[in-house]
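First the structure, in the form of structure tokens, and then the observations on it.
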């Protein structure tokens with residue numbers, strides 16, 4: 106609140122990664138130097154892929170701990186808090202990758218407060234690396250500041266890179282990095298003087314993202330299997346597989362709302378993507394508005410001549426008209442199916458449709474449920490659909506569900522100067538399929554509560570993770586089989602998994618959070634159940650939701666189904682609530698923020714009209 | 075007069091003005107299937123204001139429901155209803171209600187008339203009373219369609235054509251001539267229009283001051299948004 110009256114003693118970020126599972130604790134200790142009580146706030150940011158697991162405040166010797174509860178139950182308390190005028194929500198979206206957790210509390214004169222926030226996430230491998238992202242924004246230099254990360258990877262560490270957008274030449278040498286075969290230690294702890302923008306200044310130069318990237322060794326084709334305390338996890342990402350040729354139809358929205366930057370960025374991205382196509386790939390372009398066009402009536406091999414021709418075509422895609430998603434996707438599907446039927450594309454090749462759109466369907470079939478049904482039924486589980494939602498006007502959940510129903514995934518493309526790179530980046534992730542129809546099998550008698558073990562594809566640079574519970578706690582090894590379809594041949598690999606002796610691997614460590622495999626399994630299971638709760642039959646959705654809720658409560662994860670209730674000492678009856686935002690909620694928040702900016706002159710009285718459901722058409726005079 | 079088309083599904087509204095010579099009668103709603111017709115006549119100010127801008131307003135509406143045999147003539151002076159073979163005259167200065175088999179009317183003194191035509195449409199007409207000695211302005215009326223879902227898909231007219239959903243996209247928000255009213259490009263009915271973010275007033279809750287409704291304003295008498303031109307909706311008589 107009053108910066109001159111608050112002394113931040115310490116701010117610490119401690120991250121422990123054990124086999125991709127990251128456990129981060131953010132701690133801050135502050136002193137109210139004023140001779141009267143005042144509000145002190147704790148604002149931190151955490152990755153949107155993480156689940157908060159714990160939060161506590163220690164004030165005058167008493168510790169106030171957040172409790173994870175079922176969202177509906179927490180909401181009742183929340184509503185009470187809102188009705189009494191409190192701002193109860195603690196978590197807000199923050200940029201593309203993060204969400205902000207903020208809490209403030211009244212501290213007596215000359216008293217300390219200690220805030221501790223803990224969150225966990227399974228790091229995802231993208232483009233051949235994992236990323237640990239920490240955002241730090243202390244307003245003032247802090248007496249004790251540190252970011253420490255310890256990475257334990259029994260599989261072996263291939264490389265570790267550290268960078269931060271606030272690291273000046275002065276600060277760079279302060280980043281310590283020690284990498285051994287299976288452990289990496291990174292620390293950054295500038296003194297108060299080193300934090301200052303200039304000698305004697307109040308401001309701090311520590312403000313931004315601290316990013317650690319690393320990858321692991323991949324010596325075994327079978328992947329790496331770890332057995333710890335009755336749970337196992339299997340990481341599968343073989344390093345030496347040839348890529349499978351792909352047949353890709355780019356279905357590109359060129360409706361009126363794409364005009365300007367979005368269309369230009371799409372053209373630029375397509376130029377780069379088409380140039381990067383492998384010669385054995387086949388491709389087609391289907392730009393659409395209310396009219397469905399196509400570069401050619403079937404897919405063509407990505408020869409230099411064809412790519413050159415397509416590049417010219419792409420330059421002439423201009424925005425105009427309305428949005429007919431249904432017919433455009435259908436056109437793409439029909440082209441793929443017809444080419445398959447007439448054997449114009451290789452038998453062993455991977456079919457995909459990449460749909461890019463920035464808006465809701467508003468002509469042709471505009472009922473999104475019917476579009477989803479049509480697309481699902483036409484694709485018939487054979488082709489992957491990837492959807493890119495450009496900007497904030499698109500209904501992300503529509504694309505998310507449609508992709509999930511069709512072996513693909515959805516991604517948001519944020520309207521910004523780097524949208525071209527975002528589009529290219531997404532394409533790179535899916536550009537090189539290595540295997541399709543993958544099955545990872547484990548002895549039925551030895552495991553249960555298995556996470557998804559069938560995957561429609563594996564892309565170069567990504568990783569498949571399967572975890573499960575062992576039915577026999579004393580089991581030290583078991584057989585693992587992996588089947589898939591690769592380039593030219595089927596892929597089959599079999600091996601025996603053995604429990605790693607963690608004490609032998611890391612003899613100097615007293616304790617590496619011992620239940621990490623179980624928590625990793627729980628995190629992965631909850632994520633997959635949450636995905637399942639969006640698609641499928643009503644009873645399947647309800648079961649998945651109930652199971653995810655039960656696990657989130659058991660493992661104390663703040664998920665979209667649970668909330669953390671935080672009781673402040675000065676408002677026991679009005680608790681605060683920390684929620685997990687879904688991508689749709691984030692998008693809604695961003696949209697509202699953008700609208701508030703663009704139409705900030707919009708008079709407040711108009712609010713009442715925004716909520717009415719019956720349209721009114723009228724004519725009147727001023 | 076200013077027209078507002080509210081689109082609650084999109085949290086948005088469209089608006090445009092239609093002006094013509096005082097005395098012109100416009101068709102607002104025609105539904106050949108149910109036999110409903112709403113026409114309105116405009117008047118101008120008492121004299122040309124100093125800024126030279128001639129403002130026009132609706133001062134009289136003629137409403138016909140052929141199937142029900144009902145006819146309403148509503149002006150700033152009085153309200154006449156033809157029902158069951160006879161004319162009934164109501165005054166704006168009274169609070170009154172009529173509940174017939176096919177037509178329901180509710181007059182709120184010097185303020186509004188709510189009309190419900192059985193199984194077809196419900197609307198409100200607002201009376202804007204101006205100081206009698208005002209040098210320029212006169213009394214005028216507003217017409218608000220509250221429920222039109224029973225009308226047929228062939229309904230047309232300056233308002234009626236919008237009783238069906240309309241598809242449009244707005245993009246390329248950019249500074250306009252007035253800082254607080256940005257311009258944008260609207261794609262609608264296969265056309266590309268320059269529109270301006272602004273607001274128009276809804277007087278239902280506050281007949282004196284109105285409440286602002288933010289909307290995309292379509293210039294030139296709604297050209298591009300409405301089917302055809304505004305002059306296509308000019309009719310020769312009120313009924």
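Residue numbers (my numbering), protein chains in the order written: chain G, 106 to 727; chain P, 75 to 313. Don't be surprised by glycine CBs; every beta carbon is placed ideally from N, CA and C.
Between residue i and residue j, what straight-line distance do the alpha-carbon atoms span, to the nearest angstrom?
{"i": "residue 83 of chain P", "j": "residue 342 of chain G", "result": "46 angstroms"}
{"i": "residue 391 of chain G", "j": "residue 405 of chain G", "result": "13 angstroms"}
{"i": "residue 549 of chain G", "j": "residue 572 of chain G", "result": "13 angstroms"}
{"i": "residue 722 of chain G", "j": "residue 94 of chain P", "result": "21 angstroms"}
{"i": "residue 120 of chain G", "j": "residue 491 of chain G", "result": "33 angstroms"}
{"i": "residue 696 of chain G", "j": "residue 204 of chain G", "result": "16 angstroms"}
{"i": "residue 123 of chain P", "j": "residue 132 of chain P", "result": "18 angstroms"}
{"i": "residue 648 of chain G", "j": "residue 309 of chain G", "result": "50 angstroms"}
{"i": "residue 286 of chain G", "j": "residue 321 of chain G", "result": "10 angstroms"}
{"i": "residue 566 of chain G", "j": "residue 580 of chain G", "result": "32 angstroms"}
{"i": "residue 77 of chain P", "j": "residue 687 of chain G", "result": "39 angstroms"}
{"i": "residue 129 of chain P", "j": "residue 198 of chain P", "result": "22 angstroms"}
{"i": "residue 262 of chain P", "j": "residue 402 of chain G", "result": "29 angstroms"}
{"i": "residue 114 of chain G", "j": "residue 200 of chain G", "result": "28 angstroms"}
{"i": "residue 276 of chain G", "j": "residue 299 of chain G", "result": "7 angstroms"}
{"i": "residue 552 of chain G", "j": "residue 144 of chain G", "result": "51 angstroms"}
{"i": "residue 496 of chain G", "j": "residue 534 of chain G", "result": "20 angstroms"}
{"i": "residue 117 of chain P", "j": "residue 101 of chain P", "result": "15 angstroms"}
At least one CB of chain P closer than 7 angstroms to the CB of residue i: is that the case?
{"i": "residue 358 of chain G", "result": "no"}
{"i": "residue 293 of chain G", "result": "no"}
{"i": "residue 361 of chain G", "result": "yes"}
{"i": "residue 665 of chain G", "result": "no"}
{"i": "residue 392 of chain G", "result": "no"}
{"i": "residue 132 of chain G", "result": "no"}
{"i": "residue 468 of chain G", "result": "yes"}
{"i": "residue 723 of chain G", "result": "yes"}
{"i": "residue 496 of chain G", "result": "no"}
{"i": "residue 222 of chain G", "result": "no"}
{"i": "residue 427 of chain G", "result": "yes"}
{"i": "residue 522 of chain G", "result": "no"}
{"i": "residue 364 of chain G", "result": "yes"}
Cβ closer than 8 angstroms: which chain A residues qualify as neighbours of residue i?
{"i": "residue 291 of chain P", "result": "Note that chain A does not occur in the displayed structure, where the protein chains are G and P."}
With C-beta atoms as the reference, is residue i less than 7 angstroms away from residue j?
{"i": "residue 689 of chain G", "j": "residue 501 of chain G", "result": "yes"}
{"i": "residue 195 of chain G", "j": "residue 683 of chain G", "result": "yes"}
{"i": "residue 568 of chain G", "j": "residue 230 of chain G", "result": "yes"}
{"i": "residue 652 of chain G", "j": "residue 634 of chain G", "result": "yes"}
{"i": "residue 538 of chain G", "j": "residue 592 of chain G", "result": "no"}
{"i": "residue 235 of chain P", "j": "residue 89 of chain P", "result": "no"}
{"i": "residue 525 of chain G", "j": "residue 373 of chain G", "result": "yes"}
{"i": "residue 180 of chain P", "j": "residue 171 of chain P", "result": "yes"}
{"i": "residue 156 of chain G", "j": "residue 664 of chain G", "result": "yes"}
What does a CB cutoff of less than 6 angstroms around residue i pick up in its chain, not counting 5 residues either side in sequence?
{"i": "residue 600 of chain G", "result": "327 and 585"}
{"i": "residue 627 of chain G", "result": "656 and 660"}
{"i": "residue 318 of chain G", "result": "234, 236 and 266"}
{"i": "residue 418 of chain G", "result": "400"}
{"i": "residue 116 of chain G", "result": "133, 243, 247 and 250"}
{"i": "residue 387 of chain G", "result": "352, 404, 406 and 450"}
Hey, is residue i's beta-carbon within less than 7 angstroms of any beta-carbon in chain G?
{"i": "residue 299 of chain P", "result": "no"}
{"i": "residue 78 of chain P", "result": "yes"}
{"i": "residue 96 of chain P", "result": "no"}
{"i": "residue 131 of chain P", "result": "yes"}
{"i": "residue 296 of chain P", "result": "no"}
{"i": "residue 217 of chain P", "result": "yes"}
{"i": "residue 209 of chain P", "result": "no"}
{"i": "residue 270 of chain P", "result": "no"}
So, for residue i: in the same chain, excluding its five sequence neighbours on each side, which residues have a beta-carbon less than 8 angstroms away from its beta-carbon?
{"i": "residue 554 of chain G", "result": "573, 574, 626 and 630"}
Taking 7 angstroms as the limit between beta carbons, can you name the residues of its chain near residue i, skipping five residues before and five after?
{"i": "residue 426 of chain G", "result": "360, 361, 394, 395 and 396"}
{"i": "residue 560 of chain G", "result": "543 and 569"}
**Prompt:** At which residue ranges does the stretch 215-292 of chain P contain complete beta strand (DSSP E) runs of 3 or more residues, listed in the order of the chain?
**Reply:** 242-252, 255-262, 265-276 and 285-292
**Request:** Scan the stretch 139-190 of chain G and note each continuous beta strand (DSSP E) run of 3 residues or more that stays entirely inside, going in chain order.
**Result:** 143-152, 156-164, 167-170 and 172-175
**Prompt:** Enumerated in chain order, which unbroken segments of the beta strand (DSSP E) with a length of 3 residues or greater are wholly contained in the stretch 309-390 of chain G?
**Reply:** 313-321, 329-333, 336-341 and 351-358
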